[in-house]
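Mapping to the working numbering: the sequence shown position 98 is 387, numbers consecutive.
We treat Cβ as the ideally placed atom computed from N, Cα and C, and that holds for glycine.
Written out below as structure tokens is the structure these notes cover.
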Amino acid sequence: MENDIVSDARRPPCAGGMDWQESQGMTKVAGWQSKIRSWLDPSRWMIRFLKLEQTEPPAAGKGLILIQIDGLSHALLQKAFTQGKMPFLKKLMHEESYQLGRHYPGIPSSTPSIQGELFYGVRQAFPAFKYRDGCSGKIFTFYSGDAARETEARLGRRGRALLKGGSSYNNIFTGGAGNNAHFCAASVGWKQFLKALDFRALAILFLLNLRGAARLFYLLTIELIVALADALNGIRQGYGARDECKFILSRLLVTIALRELAVLGCVLDISRALPVIHINFFGYDDHAHRRGPATGFAVKTLSGIDQAVRRVWNAAHQSLLRDYEVWVYSDHGQETVHPYRIENKRSVEEAVQEIYADFHRGGVTSQSSELNAKPPRDGVSSAPVVTAQGPLGLIYLPRDLSDEDKFALARNLVKKARIPLVLTAAHEAVFAFTQEGRFRLPEESDRLLGSHHPYHQTVGRELAELCRHPDAGSFVISGWRKSARSLSFPAEYGSHGGPGICETDGFVLLPSHRPVRTRTRFYLRPEDLRRAALGYLESRAGVPFMRKRSQESRSRLRVMSYNVHGCVGMDGKLSPERIARVIARHDPDVIALQELDAGCLRSRGIDQAGRIAEILDMDFHFHPVRMVEDEMFGNAVLSRHPLEILRAGGLPRFAEHRLFEPRGVLWTAVRVKSERVHFMTTHLSLWAFERKLQGLALCGPAWLEDPVCEGHIILCGDFNASPGSSVYQGLRRRLEDAQLKAEKHVPLRTWFSPFPMGRIDHIFLSASLGVRRVDVPASSLERMASDHLPILADIELSQVPQTSRTAETLMSKKNG
């Protein structure tokens, strides 16, 4: 890059570089490697041999992958981080700028209700995982494909399908994915799956992906050995030999086979360039139901899920057809529970029927209620119907009761049946009954749930809404207890669906430019995720919303300088939209961009500066330093503040030869409140002797020493000059380096993006400006989008700008 850097013995930690030809060569090699890897990718050949449909994305193709980790609460995720169980998810937070937030699933806190809200925008579509359908009179449970298909058809008439045109794996509902829905309850049952299984296609799948097949066989073998050992241990602990043996097959199928097949299918769909993919990993949830959410038995599944997420994420970020974002979330958490049958020596169905029979015989029923009660419909049993799955159940009575009798029966269910929580609608309100008494909802939510419950107001309101659901029956029952371990009505030790703290506290793990909370809430719920997903998929190039600054921050200026390499990334892909995403995720106020094309055949004739500014909704000025007919190449300044161009011109060239490219300066003025900031950008020569001439000119009367150039000054760009060079040292005698001025900041390299080895991009500023923070972000997106990393500085504007220095500070020829 330059021949005048200091020797290795004197080179500062961030100094270094290589010549331009090597730089371009490394970029081309990286692009070739990406294309060769794509050509050799087994997914490419599987798509061809299996004759799968492939989407043709637009030039600005973007995509979204939603990964659901079923049943993992926010608290247990954090515990898994400390135990080292999920290193990749932790890496996303520390190295890829992901942020962790809370996800409130709603009531009932079960997957069908959550996916109904996420996939179709319908809140509380179902009263429970198992319930009696008012339209058909059937008992619906979402293990059944028929129930899932029928209910999803109704959802599809109420809201737009999120996954239309995409794919869906291991979910209750297809989300509108159609033929691209795999292993979903609503798409195909096991009988239909086995019947439709194409063994020829399966053979091709494994032959073309021998590594994946070997991995699957290895994991199944290891899991079988561990499952046998766990089953023996469970039998010794009294869990039941029959159930433990049955669970061995479930583990092999759910924990390994479906997970690995789903990952393989997801990678194929990435190669097919599908716009949206939803994948559910439910191995942890399955294990947590069996032994409890915090047991080592359940937690050890998280390592395999973490590796599966890593493989999907890597495949997404290696795609040459779409720029994918990956969002990770859990639909709900789980509560540690005790089986109701074990504690009460009978099932909840037996208990309810006994209590109702005693009640109906007249022990408590009022005469007026008996006289006014509606007789049961023809064909309807006189016994109550109880649908109880997990810690949440519903009671359907054969007769309507008066409000007073509802209260009496609710008290008996609490006291005699020992059901911890009973809710019913009466007196045009909803009441909850526990051993502690009666509570009106939602007004007394804090008394019922405890003020320590993070969602007590919302949960109380939604419990009341649940009781009014047309399919909720006469009573809603729950095993939740405030001061003791909750109960689950089936035989299980981990459960969800009710109002508990853990089961209503999932998580979201999103890129930092995606909000993990709303303006009025500290959490997201499924409809918020849905809104964000649709907004991303429908936005211009998937760029996040550029936030407006508060009044307090308007005296600050976030500046970015970025050599965008003609918007060609290290994968060889031309994408101004990807550059816009890099910029938008850091939310700068003013941006200096170098190496932009406009009207060039090599970049499809796109005005790159104009396209990026359009996506970001910013003003811009473009300065072409080289023009050949209608093709232009140069630098630009983009701003969210009023922008005025003061001067644009060239810098000295050593000779009129193609080896010595034209160079220039773009000088603008940015108005921030009442302050005027001089903002310049440049891109200096690759040749050291030519760069010295340009440095002298830059510090001369045409630019920095122009009498107009007073007050706040920012000069930034790609100087091709490391800190040890004379050009850099000469500029520092006139201005200050933001990386050195920032307190407690270690200077960071900006080039070469995959392996930063040189600090050649700089932000210089006048002494009147302060620096709060400097950053050189280096996530996978920045490392891929260009051969340079962007540099950012948060700059404070002082009240009294300093005037320009005298000509004595000019760089002398002797030193430069």
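So residue i and residue j are in contact, right, with Cβ under 8 Å, and what is the actual spacing, rounded?
i, j, result
"H828", "S386", "Residue 828 is actually Ser in this sequence, not His. Actually they are not in contact, since the Cβ atoms of S828 and S386 sit about 19 Å apart, beyond 8 Å."
"H910", "E884", "16 Å between Cβ atoms; not a contact."
"S775", "D359", "Not confirmed; about 19 Å, so no contact."
"V848", "I1084", "6 Å"
"L553", "G593", "Rounded, the Cβ-Cβ distance is 14 Å, inconsistent with contact."
"A516", "I524", "With 8 Å as the limit, A516 and I524 do not qualify as a contact, their Cβ atoms being about 13 Å apart."
"P1045", "A1067", "7 Å"
Roughly how many angstroms lie between the CA atoms of residue i and residue j, to the nearest whole one?
i, j, result
"A718", "P564", "45 Å"
"N701", "A640", "11 Å"
"A773", "H627", "10 Å"
"G1019", "E994", "13 Å"
"P913", "E614", "33 Å"
"Q656", "K705", "Bear in mind that a pLDDT of 38 at Q656, under 50, signals an unreliable position, so the model cannot answer this."
"G395", "I403", "7 Å"
"L1086", "R1021", "20 Å"
"F571", "N459", "8 Å"
"F377", "F370", "10 Å"
"Y432", "F648", "33 Å"
"R952", "E1025", "23 Å"
"I1052", "R600", "37 Å"
"R579", "S399", "16 Å"
"P416", "Q678", "11 Å"
"T899", "R736", "Looking at the sequence provided, one finds Gly at residue 899 rather than Thr. Going from the Cα of G899 to the Cα of R736 covers about 58 Å."
"A865", "G938", "For the record, residue 865 in the displayed sequence is Pro; it is not Ala. P865 and G938: Cα-Cα distance of roughly 25 Å."
"F429", "G786", "16 Å"
"K1033", "E533", "57 Å"
"E659", "K419", "Residue confidence for E659 is low, a pLDDT of 40 falling below 50, so the modelled location carries little weight; the figure read from the coordinates is stated next. Roughly 30 Å between the two C-alpha positions."
"I895", "E903", "12 Å"
"D860", "R891", "16 Å"
"A944", "I880", "31 Å"
Quick check on the burial criterion: 16 or more other C-beta atoms within 10 angstroms. Buried or exposed for residue i?
i, result
"S963", "exposed"
"C424", "exposed"
"A518", "exposed"
"H740", "The amino acid occupying residue 740 in the given sequence is Ser; His does not appear at that position. Exposed: under 16 other Cβ atoms inside 10 Å."
"I559", "buried"
"F778", "buried"
"K351", "buried"
"V954", "buried"
"H716", "exposed"
"S928", "buried"
"T713", "buried"
"T970", "buried"
"A605", "buried"
"D689", "exposed"
"P996", "exposed"
"Q983", "buried"
"H383", "exposed"
"D1007", "buried"
"N569", "buried"
"I1003", "buried"
Note down, in chain order, each residue of its chain lying with its Cβ closer than 8 Å to the Cβ of residue i, except the 5 sequence neighbours on either side.
i, result
"L444", "G405, F408, Y409, V411, A414 and F462"
"L738", "H745, V748, G749, K771 and P788"
"S362", "P582, S619, H621, G622, Q623, C791, E792, D794, G795 and F796"
"T807", "L813 and D817"
"L755", "I396, P397, Q413, P416, L712, A761 and V765"
Given residue i, which residues of its chain have a CB within under 6 Å of its CB, disregarding the five upstream and five downstream residues?
i, result
"R942", "F949"
"V805", "Q388, G390, V797 and L799"
"I545", "L508, L509 and E512"
"H758", "P416"
Excluding the 5 residues preceding and the 5 following residue i in the sequence, name in chain order all residues of the same chain whose CB lies nearer than 7 Å to its CB.
i, result
"T957", "H910, V926, L932, E933, I934, L935 and F968"
"P673", "V641, Q642, Y645, I684, Y685, L686 and P687"
"V598", "I356, F377, L378 and V617"
"M907", "L927, S928 and R929"
"R729", "A718 and F720"
"K862", "L609"
"K250", "The structure shown does not extend to residue 250, since the chain is modelled only from 290 to 1105, so the question has no answer here."
"A436", "F429 and T430"
Any C-beta of chain D sitting closer than 8 Å to the C-beta of residue i?
i, result
"S734", "This model lacks chain D altogether, as it is built from one protein chain only."
Next on the checklist: For the segment 977-990 against the segment 806-826, do three or more pairs of beta-carbon atoms, one drawn from each stretch, fall closer than 8 Å, so that the two count as touching?
Outcome noted: no
Checklist entry - Counting Cβ pairs closer than 8 Å, one from the segment 751-769 and one from the segment 586-593, do we hit at least three? => result no
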